[in-house]
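Here is the structure we will look at.
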Amino acid sequence: MRGLICLFLLLCMAWECCAQREIDVEHIVSLSGVSSEEELDGEDVERLTGLLRHPLKINVASRSSLLESGLFSPYQAASLLDYRSRNGDILSCAELASVDGFGTQYAALVCPFISFYSRNLPGTVAEDTLRVSSELSIRGGARLSDGLPEWNYGLKYELAVGDRWRLSLGATRGRTDKTAFPSLYSASLLYEFRRLDGKVVVGDFNARSGQGLAVWNGMFTTGLSEPSAFMKKASGISQVASFTGSAAYTGVAAEFGFSQLIVSAALAFPGIKQARSRPDRMGMLPLVSVRWLSRAGSVGVNAQALMQPLVKDVRPRVSYVRTSADAALCFNGVNVFGEAAYDWIEKRPDVLAGVDFSAGESVRVAALASYSRMKSHRVASSAIFRSGSGRNHSYKISADAIRYPVAKSKDAQLSLQVKAVAEWEWKSQQGLRIRAKVADRFRTWGDRHRLEFRADADIPAGAFVMTPRFHFLRCKAPSYLGFFDFSYGMNVFKIRIRAGVFFVDHWEDRIYAYEYDVPYSFNVPAYYGRGVWTSAFVSWKIARWVRLYSRVSYIAYPFMEQNEKKPGRAELKLQMMFRF
0 MRGLICLFLL LCMAWECCAQ REIDVEHIVS LSGVSSEEEL DGEDVERLTG
50 LLRHPLKINV ASRSSLLESG LFSPYQAASL LDYRSRNGDI LSCAELASVD
100 GFGTQYAALV CPFISFYSRN LPGTVAEDTL RVSSELSIRG GARLSDGLPE
150 WNYGLKYELA VGDRWRLSLG ATRGRTDKTA FPSLYSASLL YEFRRLDGKV
200 VVGDFNARSG QGLAVWNGMF TTGLSEPSAF MKKASGISQV ASFTGSAAYT
250 GVAAEFGFSQ LIVSAALAFP GIKQARSRPD RMGMLPLVSV RWLSRAGSVG
300 VNAQALMQPL VKDVRPRVSY VRTSADAALC FNGVNVFGEA AYDWIEKRPD
350 VLAGVDFSAG ESVRVAALAS YSRMKSHRVA SSAIFRSGSG RNHSYKISAD
400 AIRYPVAKSK DAQLSLQVKA VAEWEWKSQQ GLRIRAKVAD RFRTWGDRHR
450 LEFRADADIP AGAFVMTPRF HFLRCKAPSY LGFFDFSYGM NVFKIRIRAG
500 VFFVDHWEDR IYAYEYDVPY SFNVPAYYGR GVWTSAFVSW KIARWVRLYS
550 RVSYIAYPFM EQNEKKPGRA ELKLQMMFRF
């Protein structure tokens, strides 16, 4: 393993790298359709972080690539392609805002993740020129808890040959693994067919169609506090480039476009990576999706089945067969979407329908209703109001009601949960920002009420920013968390230091707080007990081709009773990224 690492390092030092973009959590939050960092999904963070480092070239990207990125809805992708065919390449964020279906606000959000590279401008690279680029990430971490050391490491290598070939390899050792060898692996190879508007992926891939009722691997955000979270942006077949590939399908997948028709098909083998230790979990999962796209949106049909286990001398059985029909259409700025699915083994229907529209220049509203005979019945709504001079004020309100057909406890005949959220944000022209959030959740079983209040601010002074936060939560008993966050950043060197205190006596009252971490990592610890913590995150561009990331943290519990006191914990993470 050491020899392999040294070989990669020598290769990296022999090449020259290009500039890279830093992680922008604010843009990731906005594009993910959540209201705060704590509600983010780790897979979304990894995907969008990759796009920040390798922006999507929207002027040369195929329809399949536009949808695969997850940045655009089917309507936005069709509208962008239509604009390109009639007016030529898009050369600025302002021009992108003029494309039907985008607007100034969304164009500003998506611009850090895209490139306006054009082959039609003087001095640009010819279409048949072959470019080779690659990136190597090496990371490791050590943690000392109650005197016991734990450590892990990860490797990820990405290679791109032109605009058609992309290779990704990853390996990770977990903290609790008993051997020094990696326990999680990821590998994928993608080839794009430019003329057929298609792709083939061998290895780890994602398959996401419709609104996720029939074909959708991995997790997706369940919070509906933002209108942009209501309608999911299906990416079809997409390559997975990660350290672990734990949420991905493994097998072979293909996607091709024929005029306005996109056909996706795949054959995955769930559990194949654990086949040696758990052969009873290995299965075979075929899936297919056919989608028709137009300027008005998309209509599709999807099917997926799981057969397992694939064990010698054991007859496999069909675990489930799901089919669905979905549509996502746009009429004069009003998005209407829905999907109806049926599980043929469990005899269970699932239905989802929603709408998302602008009610005037400063208001956006979304509503959704879903039904599942066995899971839940849900009604949700959300609205964003922007007002004030220069639109520096914004107000968000959302309400979510869920009824569960199966009782959650013996005492609750009606299992109902209702959650309401109200948020306020104010920005000044000098960069000062103040945010406040109030949320209350009521349910008919267990702990009935869960009240939450959070307030924070960003106070800039040149390259220096201070962020204080106060967080109050009450479920079983009042709980408190507060911290001061100090950050200083230039292109070459960035540092972020945080110090905080928390008083949380019950696990049900735990408070989550997002922490900056090394790239492709997602860290949202739950604070419980009575203690203090501090952390420091550093990003340092050592040379043109290498950047170092590090994070060190320490947590202690000095305010707890002696018989309840928890051991402190210290942690160190290091990651080197080489681009060549």
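Residues 0 to 579 in numbering that gives the first Met the number 0 are what the sequence shown spells out, letter by letter. All C-beta atoms in this analysis are idealised placements derived from N, C-alpha and C, irrespective of residue type, glycine included. If you're wondering where the values come from, they're calculated on a predicted model, not measured in any experiment.
Range of the contiguous beta strand (DSSP E) that encloses residue i
{"i": "A106", "result": "Segment G102 to V109 is the alpha helix (DSSP H) holding A106; no beta strand (DSSP E) there."}
{"i": "E422", "result": "S414 to K426"}
{"i": "L95", "result": "Premise fails: L95 lies in the alpha helix (DSSP H), C92 to A96, not in any beta strand (DSSP E)."}
{"i": "I236", "result": "G235 to Q238"}
{"i": "E254", "result": "Y248 to F257"}
{"i": "V262", "result": "L260 to A267"}
{"i": "G299", "result": "G296 to Q307"}
{"i": "T533", "result": "G528 to A542"}
{"i": "H470", "result": "F463 to R473"}
{"i": "G488", "result": "P477 to G488"}
{"i": "D325", "result": "R316 to F330"}
{"i": "V523", "result": "That residue, V523, is in no beta strand (DSSP E); it is neither H nor E in DSSP."}
{"i": "F242", "result": "Segment: none, F242 is in no beta strand (DSSP E) and carries neither H nor E."}
{"i": "N151", "result": "L147 to V160"}
{"i": "P285", "result": "L284 to S293"}
{"i": "F502", "result": "F492 to V503"}
{"i": "S369", "result": "V362 to S371"}
Residue interval of the alpha helix (DSSP H) (run including residue i)
{"i": "E134", "result": "Segment V131 to S144 is the beta strand (DSSP E) holding E134; no alpha helix (DSSP H) there."}
{"i": "Q561", "result": "Careful: Q561 lies outside any alpha helix (DSSP H) and carries neither H nor E."}
{"i": "S63", "result": "R62 to E67"}
Reduced DSSP secondary structure (H/G/I, E/B, other) of residue i
{"i": "K572", "result": "strand"}
{"i": "S388", "result": "Note on S388: pLDDT 46, under 50, position unreliable in the model; the coordinate value appears next. Looking at S388 - three-state DSSP - the assignment turns out to be helix."}
{"i": "S227", "result": "helix"}
{"i": "F441", "result": "strand"}
{"i": "E514", "result": "strand"}
{"i": "L50", "result": "helix"}
{"i": "A339", "result": "strand"}
{"i": "P73", "result": "helix"}
{"i": "F579", "result": "coil"}
{"i": "V611", "result": "With the chain covering 0 to 579 only, the question about residue 611 has no answer from this structure."}
{"i": "R194", "result": "coil"}
{"i": "I344", "result": "coil"}
{"i": "P459", "result": "strand"}
{"i": "K395", "result": "strand"}
{"i": "S187", "result": "strand"}
{"i": "G122", "result": "Confidence at G122 is low in this model, with a pLDDT of 49, below 50, so the placement of that residue is unreliable and no value is reported for it."}
{"i": "F115", "result": "coil"}
Residue j beta carbon less than 9 Å from that of residue i
{"i": "R453", "j": "K436", "result": "yes"}
{"i": "L472", "j": "R449", "result": "yes"}
{"i": "A419", "j": "I433", "result": "no"}
{"i": "A525", "j": "V551", "result": "no"}
{"i": "A340", "j": "V354", "result": "no"}
{"i": "A253", "j": "A267", "result": "no"}
{"i": "A438", "j": "L480", "result": "no"}
{"i": "Y652", "j": "G100", "result": "The chain is shown only over 0 to 579; residue 652 falls outside these bounds and no answer can be derived."}
{"i": "S375", "j": "P404", "result": "yes"}
{"i": "Q210", "j": "A93", "result": "no"}
{"i": "L80", "j": "L70", "result": "no"}
Residue from the options with nearest C-alpha to residue i
{"i": "L351", "options": "C329, R314 and S323", "result": "S323"}
{"i": "K572", "options": "A535, N562 and A542", "result": "A535"}
{"i": "L223", "options": "S520, A96, Y116 and L367", "result": "L367"}
{"i": "V287", "options": "R321, I271 and R294", "result": "R321"}
{"i": "W544", "options": "V491, T533 and D355", "result": "V491"}
{"i": "D399", "options": "P285, F242 and R442", "result": "R442"}
{"i": "I396", "options": "E225, L547 and F255", "result": "E225"}
{"i": "L90", "options": "A106, H376 and N301", "result": "A106"}
{"i": "Q561", "options": "G528, P467 and S245", "result": "G528"}
{"i": "A77", "options": "S375, Y556 and C329", "result": "C329"}
{"i": "P518", "options": "D504, I496, R546 and H505", "result": "R546"}
{"i": "R497", "options": "F482, W506, R83 and H505", "result": "F482"}
{"i": "G173", "options": "S245, V199 and L166", "result": "S245"}
{"i": "S241", "options": "V500, E134 and F268", "result": "E134"}
{"i": "D325", "options": "S318, V335, R316 and L183", "result": "V335"}
{"i": "P269", "options": "G299, Q307, V239 and H470", "result": "Q307"}
{"i": "D504", "options": "F558, G488 and A379", "result": "F558"}
{"i": "F257", "options": "V160, E36, M283 and S61", "result": "S61"}
{"i": "G146", "options": "F577, F579 and P566", "result": "P566"}
{"i": "T249", "options": "V201, L55 and T103", "result": "V201"}
{"i": "E360", "options": "L39, G161 and Q104", "result": "Q104"}
{"i": "V575", "options": "Y548, Y553, Y556 and I554", "result": "The question names Val, yet the displayed sequence has Met at residue 575. Closest option to M575, Cα to Cα, is Y548."}
{"i": "W47", "options": "A302, S520 and A542", "result": "In the sequence under discussion, the amino acid at residue 47 is Leu, which differs from the Trp named in the question. When each option's Cα is compared against that of L47, the closest is S520."}
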